[in-house]
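Chemist:
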Amino acid sequence: MHYAYIGLGNLGANCAACLQRAGFELTVFDLNREAAEPLVAAGAHWADSAADAAARADHVITCLPSPAVTRRVLDQILPAMKPGATWIEMSTLGRDDVLAFAKVAEAGGVRMLELPVTGGVHLAARGEITMLPGGDRDLVELHWKAFEAMGNRIFHMGPLGSSSIIKVITNMLAFIHLKACSEALMLAKRGGLDLGQAWHAIQASSGNSFVHETEGALILNGSYDIAFDIDLALKDLGFALAFGKEFGVPLDLASMTNQTYVAARAAYGGKAQSPMIAKLLEDLLGTDLRAPGFPARLE
Numbered sequence: 013m014h015y016a017y018i019g020l021g022n023l024g025a026n027c028a029a030c031l032q033r034a035g036f037e038l039t040v041f042d043l044n045r046e047a048a049e050p051l052v053a054a055g056a057h058w059a060d061s062a063a064d065a066a067a068r069a070d071h072v073i074t075c076l077p078s079p080a081v082t083r084r085v086l087d088q089i090l091p092a093m094k095p096g097a098t099w100i101e102m103s104t105l106g107r108d109d110v111l112a113f114a115k116v117a118e119a120g121g122v123r124m125l126e127l128p129v130t131g132g133v134h135l136a137a138r139g140e141i142t143m144l145p146g147g148d149r150d151l152v153e154l155h156w157k158a159f160e161a162m163g164n165r166i167f168h169m170g171p172l173g174s175s176s177i178i179k180v181i182t183n184m185l186a187f188i189h190l191k192a193c194s195e196a197l198m199l200a201k202r203g204g205l206d207l208g209q210a211w212h213a214i215q216a217s218s219g220n221s222f223v224h225e226t227e228g229a230l231i232l233n234g235s236y237d238i239a240f241d242i243d244l245a246l247k248d249l250g251f252a253l254a255f256g257k258e259f260g261v262p263l264d265l266a267s268m269t270n271q272t273y274v275a276a277r278a279a280y281g282g283k284a285q286s287p288m289i290a291k292l293l294e295d296l297l298g299t300d301l302r303a304p305g306f307p308a309r310l311e
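Here the numbering used here is used: the first residue of the sequence shown is 13, the next is one more, and so on.
1. Which one of L205, S235, E160 has the shortest CA to CA distance from R33?
2. Quick check: T39 and R84, are their CB atoms within less than 7 Å of each other?
3. Quick check on N44: buried or exposed, where buried means 16 or more other Cβ atoms within 10 Å of its Cβ?
4. Please report the Cβ distance between M124 and L172, rounded to the nearest whole angstrom; I am assuming they are in contact, meaning their Cβ atoms lie under 8 Å.
5. Between S217, S286, G204, V122, which lies nearest to L249 when the distance is taken from Cα to Cα?
6. With DSSP as the reference, label I238 as helix, strand or coil.
7. When every heavy atom of the ligand COA is checked, does at least one fall within less than 6 Å of the C-beta of Y273?
8. Excluding five sequence neighbours on each side, which residues of the same chain lie with their C-beta closer than 7 Å to the C-beta of I178?
9. Consult DSSP for L205 and reduce its assignment to one of helix, strand or coil.
10. Per DSSP, which one or two residues make a beta bridge with W99?
11. Is it the case that the Cβ atoms of A276 and I289 are separated by a distance below 7 Å?
12. Using the Cα positions of V52 and L20, report the straight-line distance between them to the nearest angstrom.
13. Please name the residue or residues paired with R165 in a DSSP beta bridge.
14. Among the residues of its own chain, which have a CB less than 6 Å from the CB of I100, if the five just before and after it don't count?
15. With a cut-off of 8 Å on the beta carbons, I'd call D70 and M162 a contact; round off their distance for me.
16. Just to confirm, is the Cβ distance from A252 to A266 under 7 Å?
17. Our contact map puts L301 next to L232 with C-beta atoms below 8 Å; I'd like the distance itself, whole angstroms only.
18. Please determine if the segment 208–222 and the segment 142–158 are in contact, where contact requires at least 3 C-beta pairs separated by less than 8 Å.
19. Which first and last residues belong to the alpha helix (DSSP H) in which F113 is found?
20. Using only alpha-carbon positions, find the residue among M93, D64, A112, T98 that is nearest to A80.
21. Quick check for students: name the residue ranges of the alpha helix (DSSP H) that lie wholly in the segment 223–307, counting only runs of 4 or more.
22. To the nearest angstrom, how far is the alpha carbon of H155 from that of V122?
23. Quick check: the Cα distance between D206 and D295, rounded to an integer number of angstroms?
24. Count the other CB atoms within 10 Å of the CB of M184; is the residue buried (16 or more) or exposed (fewer)?
25. Alpha carbon to alpha carbon, how far is G146 from A97?
26. Assign E37 to one of three DSSP states: helix, strand, or coil.
27. Are F36 and A65 closer than 7 Å when you measure CB to CB?
28. Which one of S176, V133, K94, I181 has the shortest CA to CA distance from D108?
29. Check each candidate in A279, V110, F187 and name the one with the smallest Cα separation from L263.
Given below as structure tokens:
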């Protein structure tokens, strides 16, 4: 099966590489040609445009930064896609965006799957990210081998729109956990504890979380480099708060965390790394959260 992969950012480039290693024929496109060079060097085909990529492949995967970009790319690829092709959208989108895009695709004779993922770029690089397909079961089954190439845990969440809800929920939890992790580490430091030892104790405790194990380690290194920026975090928290309003669910912790990210954007800019909400505490208290032996990036 021949896939076109459009959007080779931190996540997309790693997922595309997993497809390539699994033996799928791959055509790639990104506005930044340099992002595609490792894939092309390994045998992927380069396309000169999104439409060119779509015309060459059996199916198209996109991984893009915003609904506005997704709509622009959809308008480019839809007229070029082959009859019977599937459009697989891996971006984090709102449910209304997913359903609206699916209607546009359907009018152009193309069926859509949503495929948000969760777990972090380091797991995407290893082909171990969690995949959350949403859409018709026959399409999920058709592309299952590709999903297995990119991730090691796959959950078909239901019809289109379902996956956008669970992805926003998982990201909301991660941001809340990151705020809690930052406060916990600062308590440990100001309480005079060895931060490295405190990190390990928390990891072995009932208070442990995936975020503590990953982003907590990057905070202690001082790189904060999770390859996910503050603007993206605010986008996803906005989706979560909108769902809370729609479904009648008060989201106290998500609302507080959103305000923390607003403050972090004001302090460091929207392209700063999302774990830098911990730096807000560091700057406020004049106390760093460094400890030796922790990685600058996750592998």
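Cβ atoms here follow ideal geometry from the backbone N, Cα and C, with glycine treated the same way. As the structure is a prediction and not an experimental result, all values here were calculated from the model.
Modeler: For this structure:
1. By 1-based counting over the sequence shown, the position of residue 33 is 21. Among L205, S235, E160, the Cα nearest to that of R33 is on E160.
2. Numbered from its first residue, the sequence shown carries residue 39 at position 27. Numbered from its first residue, the sequence shown carries residue 84 at position 72. No; because the gap between Cβ atoms is not below 7 Å, this pair is not in contact.
3. Taking the sequence shown and counting its residues from 1, one reaches residue 44 at position 32. Burial call: exposed.
4. To locate residue 124, count along the sequence shown from 1; it is residue 112. To locate residue 172, count along the sequence shown from 1; it is residue 160. Rounded, the Cβ-Cβ distance is 7 Å, consistent with contact.
5. As a first step, residue 249 is located in the sequence shown; it is residue number 237 there, counting from the start. Ranking S217, S286, G204, V122 by CA distance to the CA of L249 puts S286 first.
6. Within the sequence shown, numbered from 1, the residue matching residue 238 stands at position 226. The DSSP-derived three-state label of I238 is coil.
7. Among the components of this structure there are no ligands whatsoever, and the ligand COA is therefore not found.
8. Position 166 of the sequence shown, counted from the start, is the residue given in the question as residue 178. Cβ within range, chain order: L144, M169.
9. Here residue 205 corresponds to residue number 193 of the sequence shown, with the count starting at 1. Coil.
10. The residue labelled residue 99 in the question sits at position 87 within the sequence shown. For W99, which the question treats as bridged, DSSP gives the partners V72, M124.
11. Against the sequence shown, residue 276 aligns to sequence position 264. Against the sequence shown, residue 289 aligns to sequence position 277. Contact: yes.
12. As a working note, residue 52 is residue 40 in the sequence shown. As a working note, residue 20 is residue 8 in the sequence shown. Looking at the two C-alpha atoms, the distance is approximately 12 Å.
13. For this step, residue 165 is matched to residue 153 along the sequence shown. T142, per the DSSP bridge assignment.
14. Counting from one through the sequence shown, the residue named residue 100 turns up at place 88. Within the same chain, and ignoring the five residues on either side of I100 in sequence, the residues whose Cβ sits closer than 6 Å to its Cβ are I73, L125, L127.
15. Residue numbering aside, residue 70 sits at position 58 when the sequence shown is read from its first letter. Residue numbering aside, residue 162 sits at position 150 when the sequence shown is read from its first letter. With a Cβ gap of about 17 Å, D70 and M162 do not count as contacting.
16. Residue 252 sits at position 240 when you count from the first residue of the sequence shown. Residue 266 sits at position 254 when you count from the first residue of the sequence shown. Contact flag set, yes.
17. Along the sequence shown, one-based indexing puts residue 301 at 289. Along the sequence shown, one-based indexing puts residue 232 at 220. The pair is a contact, with the Cβ atoms about 6 Å apart (cut-off 8 Å).
18. Three or more Cβ pairs closer than 8 Å define a contact, and the segment 208–222 falls short of that threshold against the segment 142–158.
19. Residue numbering aside, residue 113 sits at position 101 when the sequence shown is read from its first letter. Its alpha helix (DSSP H) spans residues 107–119.
20. Here residue 80 refers to the residue found at position 68 when the sequence shown is read from its first residue. Cα-wise, what sits closest to A80 is A112.
21. DSSP runs (the alpha helix (DSSP H)) wholly in the segment 223–307: 242–259, 264–280, 289–297.
22. The residue you call residue 155 lines up with position 143 of the sequence shown. The residue you call residue 122 lines up with position 110 of the sequence shown. If you draw a straight line from the Cα of H155 to the Cα of V122, it comes to about 15 Å.
23. Taking the first residue of the sequence shown as position 1, residue 206 is located at position 194. Taking the first residue of the sequence shown as position 1, residue 295 is located at position 283. When rounded, the distance between both Cα atoms is 20 Å.
24. Within the sequence shown, the letter at position 172 stands for residue 184. Per the 10 Å Cβ criterion, buried.
25. Your numbering for residue 146 matches position 134 in the sequence shown. Your numbering for residue 97 matches position 85 in the sequence shown. Rounded to whole angstroms, the separation of the alpha carbons of A97 and G146 is 17 Å.
26. Here residue 37 refers to the residue found at position 25 of the sequence shown. Looking at E37 - three-state DSSP - the assignment turns out to be strand.
27. Stepping through the sequence shown from its first residue, residue 36 is reached at position 24. Stepping through the sequence shown from its first residue, residue 65 is reached at position 53. No; because the gap between Cβ atoms is not below 7 Å, this pair is not in contact.
28. Taking the sequence shown and counting its residues from 1, one reaches residue 108 at position 96. Nearest neighbour of D108 by Cα position, chosen from S176, V133, K94, I181, turns out to be S176.
29. For the purposes of this step, residue 263 is identified with residue 251 of the sequence shown, where counting begins at 1. Checking every option, the nearest Cα to that of L263 belongs to F187.
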